[in-house]
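Undergrad:
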Amino acid sequence: MMKELNTDLFDPRSTLMDPDFSRDATPSADADADDFAFAFNDSNFSDRLLRIEIMGDTPESRPDSEACTSIADWARHRKRRREDIKKENIPDLPECPEEQILNDNQPDMDDCEGCENQDEEAVAMVEESPSGDEAANSNDSDWGMDCSTVVRVKTLHISSPILAAKSPFFYKLFSNGMRESEQRHVTLRINASEEAALMELLNFMYSNTLSTTSAPALLDVLMAADKFEVASCMRYCSRLLRNMPMTPESALLYLELPSSVLMAEAVQALTDAAKQYLAARYKDISKFIEEVMALPLAGIEAIVSSDELQVASEDAVYDFVLKWSRTHYPKLEERREILGSRLARYIRFPYMTCRKLKKVLTCNDFDHDAASKLVLEALFFKAEAPHRQRILAAEESATLNRRFVERAYKYRPVKVVEFDLPRQQCVVYLDLKREECANLFPSGRVYSQAFHLGGQGFFLSAHCNMDQQSSFHCFGLFLGMQEKGSVSFAVDYEFAARSKPTEEFISKYKGNYTFTGGKAVGYRNLFAIPWTSFMAEDSLYFINGVLHLRAELTIRH
């Protein structure tokens, strides 16, 4: 039995560690789990006494879950309490009696001000005698708390093998190789605000279950489990919280939990669910622009990292990230740091237009060398053949960095080759997947990103429409000019598509047109066949599931 228990000791990610907590399991103590609830606080099955010294809290330091009816209440209270702790002075160590601090993650006093999680380090002491209050005035788990009086003491009978098997913290406490580890009486010092959560945690280590079910209380237990390194309880709390209805407040809270390595591993599924929730809720940023602009950094990262983001183009993602960072980080140095280290990785520069990439090079918000590297990488990607682009995207899709993975843009990316001599001309390539075309039926349309000729913006649009006689559906392709005043523009144009068996571009339609702002010209039935034939499995125009279109535009003189 102890061999099985010991699998919990050294690798919190081990699948052997906690067999009743597989990813698909329901969070419950099933019949096969090691259940020692009968031994909890029972002298017959215990080898030590755990003395819990409970320090007096200020009224503001009551349990985070106490009087909290929601996740938002819990978050506000916890933030306020931690800010209060940071305002207090760190006590001088000589004023407090010495004690054995058995947590090798404990920060040095010189580093305390920079410690992100000052109020969460666990402190344990081993005493030679269960009597006396020698340690009552020593350091406690809140570095910001002065040497307060112990308001009450709880004594529990504990089994050191059971606790050590569940927690590296207790394992080190009971097996640190020092004389004190052989003593029978062990003392923990906690805040009164941590008492309920610690008792739930200790009970879980015996029974593999919790009695509390509210989200604020579960978060308190989760924090205690992180503090005392009980990964199995953290996963248990994480699973229960994941099964509760998610809100923007709770999702953001989960993403801003303390970021220790153990925490990151144990609640990965919870933070992933929070990211997915935010990405799904705000996938169309334009509908929630004020709400999204107010989100913190963790929320923005979850949204802009999503493949499902519904935006006009990657240019829009770049503009949004720049706007958000300027609002939240008005100081240039801070903004450069956040963009360079946190947000730039989520902008898919290879899918931005060349015109926007030029602006990146001159944008002062980015470090110049970093911007040059990003733009160069984007241009190299654009120059790759389509099959190479797909290979790069496939390789990236398995990593956190997905800069080569295309999003579902409202305006489809195009490749453009421009010529100035002997005449101003551009050749535009637009690729559409079979699924995208299928989604156009019966009357949909999809637009390309804008491209430019002679300083004027143009776009392509693919339609599913009725033929001239309205007798059947067919595929249409149109060329439009962006509306900009009453400019008149004479253009020769030609539409072509790759076709089997040669897979070469074959011209389908030629024409000329004098554009004015907002006008479009094209062909309602580009391939002169019904929609069903165009979409058929043996269609001549889909090569490896992709329709390859080309438009050549030349300014007429």
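By UniProt numbering, the letter at position 428 of the sequence shown is numbered 428, and the numbering carries on one by one without gaps.
Glycine included, every Cβ here is placed at the ideal spot set by N, Cα and C.
Just so it is clear, the structure is predicted and the values come from calculations on it, not from any experiment.
1. Spatial neighbours of residue 568 within its chain, please: CB distance less than 6 Å, with the 5 preceding and 5 following residues excluded, ordered by chain position.
2. Considering Gly511, what are the terminal residues of the beta strand (DSSP E) in which it resides?
3. If we call anything under 7 Å between Cβ atoms a contact, is Ser313 one with Val267?
4. Label Glu194 either buried or exposed according to how many other C-beta atoms from any shown protein chain fall within 10 Å of its C-beta, with 16 as the threshold for buried.
5. Cα-Cα, which of Ala450, Phe505, Thr271 and Gln468 is closest to Glu256?
6. Counting Cβ pairs closer than 8 Å, one from the region 281-288 and one from the region 375-383, do we hit at least three?
7. From which residue to which residue does the alpha helix (DSSP H) around Tyr277 run?
8. Kindly provide the ranges of any alpha helix (DSSP H) runs that are 4 or more residues long and lie completely inside the region 392-456, ordered along the chain.
9. When you compare each of Ala394, Tyr411 and Ser211 to Arg403 by their alpha carbons, which one comes out closest?
10. Candidates Glu337, Val417 and Ala196: which alpha carbon is nearest Leu453's?
11. Buried or exposed: Lys373, going by 16 or more other Cβ atoms within 10 Å of its Cβ?
12. Go through the region 321-352 residue by residue and report every complete run of the alpha helix (DSSP H) that reaches 4 residues or more, in order.
13. First and last residue of the alpha helix (DSSP H) that includes Asp220?
14. Apart from the five residues on each side of it in sequence, which residues of its chain come closer than 8 Å, Cβ to Cβ, to Asn525?
15. Exposed or buried, which one is Val186 when buried takes at least 16 other CB atoms within 10 Å?
16. Going straight from the alpha carbon of Ala225 to that of Ile190, what length do you get?
17. Rounded C-beta distance between Phe349 and Val375? I'm assuming under 8 Å.
18. Cutting at 7 Å between CB atoms, please list the residues of its own chain near Asp42, excluding the five before and the five after it.
19. Ser306 and Ala344: beta carbons closer than 7 Å?
20. CA-CA distance, Ile391 and Tyr429?
21. Inspect the CB distances between the region 491-506 and the region 537-549 and report whether three or more fall short of 8 Å.
22. Could you check whether Glu552 and Val427 sit closer than 7 Å to each other, using their CB atoms as the reference points?
23. Would you call the region 355-369 and the region 516-530 touching, i.e. three or more CB-CB distances under 8 Å?
24. So what's Arg184 in DSSP terms, helix, strand or just coil?
25. Going straight from the alpha carbon of Phe419 to that of Arg407, what length do you get?
26. Alpha carbon to alpha carbon, how far is Ser211 from Arg281?
27. Just the Cα atoms here: how many angstroms apart are Met293 and Trp324?
TA: Concretely, from the data shown:
1. Because the chain is modelled from 1 through 557, residue 568 falls outside the range shown and cannot be assessed.
2. Along the sequence shown, read from residue 1 onward, the residue named residue 511 stands at position 511. That run of the beta strand (DSSP E) goes Glu504 to Thr516.
3. Along the sequence shown, read from residue 1 onward, the residue named residue 313 stands at position 313. Along the sequence shown, read from residue 1 onward, the residue named residue 267 stands at position 267. Taking C-beta atoms as the reference points, Ser313 and Val267 fail to come closer than 7 Å.
4. Walking along the sequence shown from the start, residue 194 turns up at place 194. The C-beta of Glu194 has 16 or more other C-beta atoms within 10 Å across all chains shown, which makes the residue buried.
5. Residue numbering aside, residue 256 sits at position 256 when the sequence shown is read from its first letter. Considering only Ala450, Phe505, Thr271 and Gln468, the residue with the shortest C-alpha distance to Glu256 is Thr271.
6. With fewer than three CB-CB distances shorter than 8 Å, the region 281-288 does not count as touching the region 375-383.
7. Numbered from its first residue, the sequence shown carries residue 277 at position 277. Its alpha helix (DSSP H) spans residues Gln268 to Arg281.
8. Here the runs fully enclosed are 434-438.
9. What you label residue 403 is simply residue 403 of the sequence shown in a count that begins at 1. When C-alpha distances from Arg403 are compared across Ala394, Tyr411 and Ser211, the shortest belongs to Ala394.
10. Counting from 1 along the sequence shown, the entry for residue 453 is found at position 453. With distances taken between Cα atoms, Leu453 lies closest to Val417.
11. Mapped onto the sequence shown, residue 373 falls at position 373. The residue is exposed, with fewer than 16 neighbouring Cβ atoms inside 10 Å.
12. Taking only runs of at least 4 residues, the alpha helix (DSSP H) segments lying wholly in the region 321-352 are 332-338.
13. The sequence position of residue 220 within the sequence shown is 220, counting from 1. Counting along the chain, the alpha helix (DSSP H) containing Asp220 begins and ends at Ala215 to Lys227.
14. Taking the first residue of the sequence shown as 1, we reach residue 525 at position 525. Same-chain partners within the cutoff: Asp467, Gln468, Cys474, Phe475 and Gly476.
15. As a first step, residue 186 must be located in the sequence shown, where it is residue number 186. Sixteen is the threshold: when 16 or more other Cβ atoms of the shown chains lie within 10 Å of the Cβ of Val186, as they do, the residue is buried.
16. The residue given as residue 225 occupies position 225 in the sequence shown. The residue given as residue 190 occupies position 190 in the sequence shown. When rounded, the distance between both Cα atoms is 13 Å.
17. Numbered from its first residue, the sequence shown carries residue 349 at position 349. Numbered from its first residue, the sequence shown carries residue 375 at position 375. With a Cβ gap of about 7 Å, Phe349 and Val375 count as contacting.
18. Translated into positions along the sequence shown, residue 42 becomes position 42. Short of 7 Å from the beta carbon of Asp42, and not among the five residues preceding or following it, lie these beta carbons of its own chain, in chain order: His157.
19. The residue you call residue 306 lines up with position 306 of the sequence shown. The residue you call residue 344 lines up with position 344 of the sequence shown. Against a cut-off of 7 Å, the Cβ pair of Ala344 and Ser306 comes out as no contact.
20. Within the sequence shown, residue 391 is the residue found at index 391, counting from 1. Within the sequence shown, residue 429 is the residue found at index 429, counting from 1. Each residue's alpha carbon lies about 19 Å from the other.
21. The region 537-549 and the region 491-506 touch, with three or more beta-carbon pairs separated by less than 8 Å.
22. What you label residue 427 is simply residue 427 of the sequence shown in a count that begins at 1. What you label residue 552 is simply residue 552 of the sequence shown in a count that begins at 1. For the 7 Å CB-CB criterion, Val427 and Glu552 form a contact.
23. By the criterion of at least three beta-carbon pairs nearer than 8 Å, the region 355-369 is not in contact with the region 516-530.
24. Working through the sequence shown from its first residue, we reach residue 184 at position 184. The three-state secondary structure of Arg184, taken from DSSP, is coil.
25. Position 419 of the sequence shown holds residue 419. Position 407 of the sequence shown holds residue 407. Computed Cα separation, rounded: 29 Å.
26. Position 211 of the sequence shown holds residue 211. Position 281 of the sequence shown holds residue 281. Going from the Cα of Ser211 to the Cα of Arg281 covers about 32 Å.
27. Numbered from 1 along the sequence shown, position 293 holds the residue referred to as residue 293. Numbered from 1 along the sequence shown, position 324 holds the residue referred to as residue 324. Taking the straight line joining both Cα atoms gives about 6 Å.
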